[in-house]
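S.K.: Starting off with a structure, shown below.
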Amino acid sequence: MRFAKVYCVSGIDTDIGKTIVTGLLARSFAGHSIKVITQKLVQTGCVGISEDIVRHRQLMGIDLLSVDYKGFTCPYVFARPCSPHLAASLEGRPIDRAVLRQSTAELLKHFDMVFLEGAGGLAVPLTEAYTLLDYLQEEKYPVILVTSSRLGSINHTLSALELAHNRKIEVAAIIYNRLVESDAAITNDSRQVFERYMKKYCFSGKIIDLPPLDLSLEVGQ
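Residues 1109 to 1329 in the working numbering are what the sequence shown spells out, letter by letter.
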């Protein structure tokens, strides 16, 4: 199977498991001797090195890298925990798509593959007139979509699939976050709905279950 050089790990909402999935994907590919790195386009509610990048490295079982300290793995970090466009405006540092693009290009000089974690969902605004969806369409990055079985997930997931389909963005996989499950009937039915709509929109990617895991991984393990 031929893999893309960059995959965007997006989700149907905040706190859906994007950070965990990004780190675990990188750990898995690295275990198959692929030189892989993670990146976060924008981090809000943080200062210094991106907290999500730190978590990626923990999940990968490695220390922070020089590209992390240089800011290539997260070119924009904002203190206010809010939408990227607002956080950038409050600090007077507008998000420049050229900076995002250049940061990923720099990583690809040293790594074979980049797992790029988005901020929020696909339609999150990076500026007042430009969304993550716009960026992914321009860069032609395939998406790995993280979803779950919680209430509202069907609506949000199908909306994301339709957005991607209309923008001609490939959905390479759905990661079905099953870390917290309440009702087996709902969980199984939601998965079947996602399968049907992946086929409806002609996405060839699979649905991959993320079962409950021991995530108490420390750097160096």
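Built from N, CA and C at the ideal position, the CB exists for glycine as well.
(1) Kindly give me the distance between the Cβ atoms of Leu1230 and Ala1195, rounded to whole angstroms, as I take these residues to be in contact under 8 Å.
(2) Determine the contact status of Ala1227 and Pro1250, defining contact as a CB-CB distance below 8 Å.
(3) Which residue or residues does DSSP assign as beta-bridge partners of Gly1119?
(4) Suppose only complete runs of 3+ residues qualify. What are the beta strand (DSSP E) ranges in the region 1163-1187, listed by chain order?
(5) Could you check how far apart the C-beta atoms of Thr1130 and Val1117 are, in whole angstroms? I think they sit under 8 Å.
(6) Helix, strand or coil for Leu1241? Go by DSSP, reduced to three states.
(7) Hey, quick one: how far does the alpha helix (DSSP H) through Phe1302 stretch, first residue to last?
(8) Let's test the definition: count the other Cβ atoms within 10 Å of the Cβ of Asn1274 and tell me whether it reaches 16, buried, or not, exposed.
(9) Could you work out which residue in Ser1158, Ile1282 and Pro1189 is closest to Asp1317 when comparing CA atoms only?
(10) So, is Tyr1184 buried or exposed, given that buried needs 16 or more other C-beta atoms within 10 angstroms?
(11) Only counting the same chain, and skipping five residues up and downstream in sequence, which positions put a Cβ closer than 6 Å to that of Tyr1309?
(12) Could you name the residues that DSSP lists as bridge partners for Phe1223?
(13) Within its chain, find whatever has a CB closer than 8 Å to the CB of Ser1136; leave out the 5 residues flanking it on each side and keep chain order.
M.R.: So, from the listed chains and residues:
(1) The residue given as residue 1230 occupies position 122 in the sequence shown. The residue given as residue 1195 occupies position 87 in the sequence shown. With a Cβ gap of about 18 Å, Leu1230 and Ala1195 do not count as contacting.
(2) Counting from one through the sequence shown, the residue named residue 1227 turns up at place 119. Counting from one through the sequence shown, the residue named residue 1250 turns up at place 142. Not in contact: Ala1227 and Pro1250 (Cβ atoms no closer than 8 Å).
(3) The residue given as residue 1119 occupies position 11 in the sequence shown. In DSSP, Gly1119 forms a bridge with Val1254.
(4) 1184-1186
(5) Here the question's residue 1130 lines up with position 22 in the sequence shown. Here the question's residue 1117 lines up with position 9 in the sequence shown. The Cβ separation is near 5 Å, so the contact holds.
(6) Taking the sequence shown and counting its residues from 1, the one referred to as residue 1241 is at position 133. Leu1241: helix per DSSP, three-state reduction.
(7) By one-based count along the sequence shown, residue 1302 stands at place 194. Counting along the chain, the alpha helix (DSSP H) containing Phe1302 begins and ends at Ala1292 to Lys1308.
(8) For the purposes of this step, residue 1274 is identified with residue 166 of the sequence shown, where counting begins at 1. Asn1274 comes out exposed.
(9) The sequence position of residue 1317 within the sequence shown is 209, counting from 1. The shortest Cα separation from Asp1317 among Ser1158, Ile1282 and Pro1189 belongs to Ile1282.
(10) By 1-based counting over the sequence shown, the position of residue 1184 is 76. Counting Cβ neighbours within 10 Å, Tyr1184 comes out buried, since at least 16 surround it.
(11) If you number the sequence shown from 1, residue 1309 lands on position 201. Here the set comprises Leu1269 and His1273.
(12) In the sequence shown, the residue the question calls residue 1223 occupies position 115. Per DSSP, Tyr1115 and Thr1146.
(13) Sequence index remark: in the sequence shown, residue 1136 carries index 28 (1-based). Answer for Ser1136: no residue qualifies.
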